[in-house]
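Protein chains in written order, with my numbering: chain C, 1 to 20; chain S, 1 to 272.
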């Protein structure tokens, strides 16, 4: 899970979850 | 499934596509053919116009490097990455809108995105390209193919395979509603390495494939074997992605100032 942290975040949050 | 259900699925995916992807094929082709009320794109054809055009490029993540010609190539590469990361977010939202996708095992959702997203981005690049160049920055800039070929190695090798693919792909003349279904088919590939539960993915893909087949029959009644031709493109895509990832690995080794966006790093690590 740690290896794909940002992808997990993008999948689990619907609105601007990650500061890209 | 009933034809009405397949049509409803096609409509749903087309709506999601329009919602999440800001530059449609219809708009891109209008810009490229000059049939648009909008501004004519700024043309980047050499280092001088690249430096002038940078003001239009979305560069939120670029570290503030000085404006010297020798760093322009890398700086441009960084802004491409920033846009790619944003595009990954758009593709993720589109994937989540595919009926059944968010019910899949979360690890499988990650795997499908990791392996599918670059393929999707290459398909989405095709409508922005013609034989002479490509639109970038949401259609505000047209960058010539000759200019990209003139960059120093290995940057000059990055886009040429995408142009070759796109010029052929564009002859299939898909529209945005066809594209939406094709992108969903790519995302729902049950043969990605490391998937835990393949069966529900294959079931979802089969339904979307039926919907795509029906869509192409209705939307392109005179285009024989279009469905088969389109599916064959998926093989070419995998090779392009493999070569692309190897080129990025080479860049990481050879470029001192190379910065790879963390999201893109995640996607490309141990990919092929």
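Each residue gets a CB set at the ideal place from its N, CA and C atoms; glycine is no exception.
Interface residues of chain C facing residue i [CB-CB closer than 9 Å]
i: residue 266 of chain S; result: 3, 4, 5, 6, 7
i: residue 92 of chain S; result: 7, 10, 11
i: residue 75 of chain S; result: Chain C residues near residue 75 of chain S: none, gap ~18 Å exceeds 9 Å.
Given residue i as reference, the closest of the options once Cα atoms are compared
i: residue 114 of chain S; options: S:98, S:132, S:91; result: S:91
i: residue 6 of chain C; options: S:263, S:212, S:142, S:271; result: S:263
i: residue 44 of chain S; options: S:135, S:122, S:35, S:22; result: S:135
i: residue 46 of chain S; options: S:11, S:26, S:150, S:231; result: S:150
i: residue 10 of chain C; options: S:94, S:146, S:200; result: S:94
i: residue 183 of chain S; options: S:214, S:257, S:117, S:251; result: S:117
i: residue 227 of chain S; options: S:32, S:247, S:99, S:181; result: S:181
i: residue 198 of chain S; options: S:34, S:107, S:41, S:37; result: S:107
i: residue 97 of chain S; options: S:224, S:269, S:11; result: S:11
i: residue 153 of chain S; options: S:257, S:31, S:251; result: S:251
i: residue 161 of chain S; options: S:79, S:247, S:88, S:16; result: S:247
i: residue 73 of chain S; options: S:83, S:85, S:50; result: S:50
i: residue 168 of chain S; options: S:237, S:31, S:18, S:89; result: S:237
i: residue 200 of chain S; options: S:193, S:194, S:211, S:188; result: S:188
i: residue 78 of chain S; options: S:99, S:54, S:101, S:205; result: S:54
DSSP three-state assignment for residue i, whether helix, strand or coil
i: residue 133 of chain S; result: strand
i: residue 323 of chain S; result: Outside the displayed range of chain S (1 to 272) lies residue 323 of chain S, so it cannot be described from this structure.
i: residue 83 of chain S; result: helix
i: residue 265 of chain S; result: helix
i: residue 220 of chain S; result: coil
i: residue 116 of chain S; result: helix
i: residue 190 of chain S; result: coil
i: residue 98 of chain S; result: coil
i: residue 254 of chain S; result: helix
i: residue 16 of chain S; result: helix
i: residue 206 of chain S; result: helix
i: residue 33 of chain S; result: coil
i: residue 11 of chain S; result: helix
i: residue 200 of chain S; result: helix
i: residue 173 of chain S; result: coil
i: residue 24 of chain S; result: coil
i: residue 9 of chain C; result: helix
i: residue 89 of chain S; result: helix
i: residue 125 of chain S; result: helix
i: residue 239 of chain S; result: helix
i: residue 2 of chain S; result: coil
i: residue 153 of chain S; result: coil
According to DSSP, residues forming a beta bridge with residue i
i: residue 43 of chain S; result: S:142
Proximal residues of chain C, C-beta to C-beta of residue i below 7 Å
i: residue 262 of chain S; result: 6
Short CB-CB distance (under 8 Å) between residue i and chain B
i: residue 203 of chain S; result: Among the chains of the structure shown, chain B does not appear; the protein chains present are C and S.
Got a sec: which bits of the region 97–113 of chain S sit with their beta carbon under 9 Å from any beta carbon on chain C, in order along the chain?
-> 102, 106, 107, 109, 110, 111, 113
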